Amino acid sequence: MRNVCGISGGKDSSALAIYLRESVPDMEYFFCDTGAELPETYDYLNRLEVVLGKPIARLNPDKGFDHWFEVYRGTLPSPQMRWCTRQMKIKPLEDWLGDDEAVSYVAIRADEKNRKGYVSTKPNISAVFPFIEDDIDHDGVLRILDEAGLGLPDYYSWRTRSGCYFCFYQRKAEWVGLSERHPDLFEKAVAIENKLLVDAGDAGGADYSALGMRERQFTWSQGESLLELVGRKVEIKAKHEIAMERARARRKNIPLIEVLADALDEDDDSPACAVCAL
C-alpha cells in the first residue's frame with residue numbers, strides 16, 4: 237500500500253505534508269508540474285523539501301501545455317473545460333501510481349468540509365482527509381507552517397491561489413499583479429490569447445466583439461482580452477483596494493492572505509480548482 241500526498245505549492249497541502257511527516261514516515265510526496273508554475277511556487281517547493289527532509293517527486297506530463305493546446309483545437313482551458321487539470325495534473329498522477337494500491341491524503345480543512353478535492357475514480361486509489369478528521373482549520377494550517385519555519389509562499393502577497401501563471405481562475409486584480417511582478421509571463425499569456433483571437437478571425441471572419449458567449453474560449457479572463465484588462469488596470473486596482481478595505485473593516489487584525497481572500501469586487505470571483513490550489 238502506497239501512501240501519497242499531493243503538493244500544489246499552496247499553503248494547505250504544504251501544511252498537510254508537514255503534519256504527516258512523522259505519523260506516516262513512508263509517505264511519498266508529489267507535485268504535478270505543468271511547466272507553467274510561478275517562480276515563487278518552485279522556490280517554495282524547494283524550501284518545503286528541506287523541511288520534510290525528503291524529495292518531492294516532480295511528475296511531468298508526457299507532453300506539455302503546447303501539445304494539449306493543439307489537441308483541444310486551440311481552445312483555452314476554462315471552468316467548463318478543464319483539460320489542463322485532466323491532462324497535466326490527474327493523468328500524470330494516475331500514470332505514476334499505475335495499478336498500485338494507494339491512499340491519497342487530501343488537504344481539505346475542517347472549516348471547508350463541503351469543498352471537493354481530487355478523489356480518483358480508479359478502484360486502487362482511496363482518499364482520506366486528515367485535517368477534517370483532526371479538526372484542523374485555517375488557523376491550524378497557518379500555525380503548522382509557522383512552527384515549521386516555512387511560512388507562506390511569497391505569491392500570497394498578491395495572489396490568493398497557487399497554480400499556473402495563466403490560470404483562468406485568477407481574479408482581474410491578480411492578472412494585473414502578474415503583469416507587474418512577472419511581465420515576461422504575462423506577455424506569454426497575452427501571446428497565447430492573441431494567437432487564438434487571430435486564428436478565430438482568420439477561420440471565420442468573426443468580429444471578436446460580436447462573439448458573445450463564445451468569447452470565453454478565446455480569452456483567459458472573463459469578458460475581455462488581457463490587453464483590454466491591463467489597459468484598465470488603474471480602475472481594477474482601485475476597485476480591488478476598495479474591496480480590501482471592506483474586508484479589513486469586516487474582520488479586524490486579520491493576516492493579509494485572509495484580506496485578499498475576502499476582497500471580492502464586482503468584477504468576478506470563482507472557486508479555484510482544488511487539484512491545483514489546495
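Heads up, the final residue of the sequence shown is numbered 514 in our numbering, and it's a clean run with no missing numbers. Note that the Cβ used here is the ideal one computed from N, Cα and C, for glycine as well. No experiment lies behind these values; they were computed from the predicted model shown.
Integer-rounded CB distance, given that residue j should sit under 8 Å from residue i
{"i": "C403", "j": "P328", "result": "At roughly 18 Å, the Cβ-Cβ gap does not stay under 8 Å, so C403 and P328 are not in contact."}
{"i": "Y280", "j": "P366", "result": "Not really, about 21 Å apart at Cβ, beyond 8 Å."}
{"i": "A272", "j": "F305", "result": "Incorrect: roughly 11 Å between the Cβ atoms, too far for contact."}
{"i": "Y391", "j": "L274", "result": "5 Å"}
Alpha-carbon to alpha-carbon, residue j and residue i
{"i": "V426", "j": "G246", "result": "25 Å"}
{"i": "R257", "j": "H303", "result": "36 Å"}
{"i": "E429", "j": "L462", "result": "8 Å"}
{"i": "S415", "j": "S259", "result": "42 Å"}
{"i": "A293", "j": "P261", "result": "16 Å"}
{"i": "N282", "j": "E276", "result": "10 Å"}
{"i": "R417", "j": "E410", "result": "10 Å"}
{"i": "R351", "j": "R482", "result": "25 Å"}
{"i": "G376", "j": "R486", "result": "21 Å"}
{"i": "Y308", "j": "W319", "result": "8 Å"}
{"i": "K469", "j": "L295", "result": "36 Å"}
{"i": "E474", "j": "R397", "result": "Here the sequence assigns Ala to residue 474, which means Glu is not the residue at that position. A474 and R397: Cα-Cα distance of roughly 21 Å."}
{"i": "Q406", "j": "L333", "result": "30 Å"}
{"i": "S249", "j": "F454", "result": "32 Å"}
{"i": "K299", "j": "Y278", "result": "20 Å"}
Proximity winner among the options, relative to residue i (alpha-carbon distances)
{"i": "I344", "options": "E429, P359 and I243", "result": "I243"}
{"i": "V432", "options": "A474, W456 and E416", "result": "According to the sequence provided, residue 432 is Leu. The question's Val does not apply to it. Comparing Cα-Cα distances from L432 to each of A474, W456 and E416, the minimum goes to W456."}
{"i": "E330", "options": "T357, D262 and S415", "result": "T357"}
{"i": "I472", "options": "A485, M324 and G413", "result": "G413"}
{"i": "A479", "options": "L462, V342 and K408", "result": "K408"}
{"i": "E477", "options": "M324, G467 and W394", "result": "W394"}
{"i": "K325", "options": "S398, E369 and P297", "result": "P297"}
Cβ neighbours of residue i in the same chain (closer than 6 Å, five flanking residues each side left out)
{"i": "I380", "result": "A251, I254 and Y255"}
{"i": "K225", "result": "Residue 225 lies beyond the range of the chain shown here (237 to 514); nothing can be said about it."}
{"i": "E460", "result": "none"}
{"i": "M237", "result": "E337"}
{"i": "F422", "result": "L414 and S415"}
7 Å Cβ shell around residue i - same chain, five flanking residues per side excluded
{"i": "D347", "result": "D373 and H374"}
{"i": "M317", "result": "T311"}
Sequence-distant residues of the same chain with beta carbon closer than 8 Å to residue i, five excluded per side
{"i": "L288", "result": "A253, I254, R257 and Y265"}
{"i": "D371", "result": "A346"}
{"i": "L465", "result": "K408, W411, V412, S457 and I472"}
{"i": "I368", "result": "I344, R345, A346 and K349"}
{"i": "D335", "result": "N360"}
Taking one C-beta from the segment 397-414 and one from the segment 304-315 each time, how about it: are there three or more such pairs within less than 8 Å? At 8 Å Cβ cutoff, the stretches touch.
With a cut-off of 8 Å, do at least 3 Cβ pairs link the segment 378-397 to the segment 360-368? no
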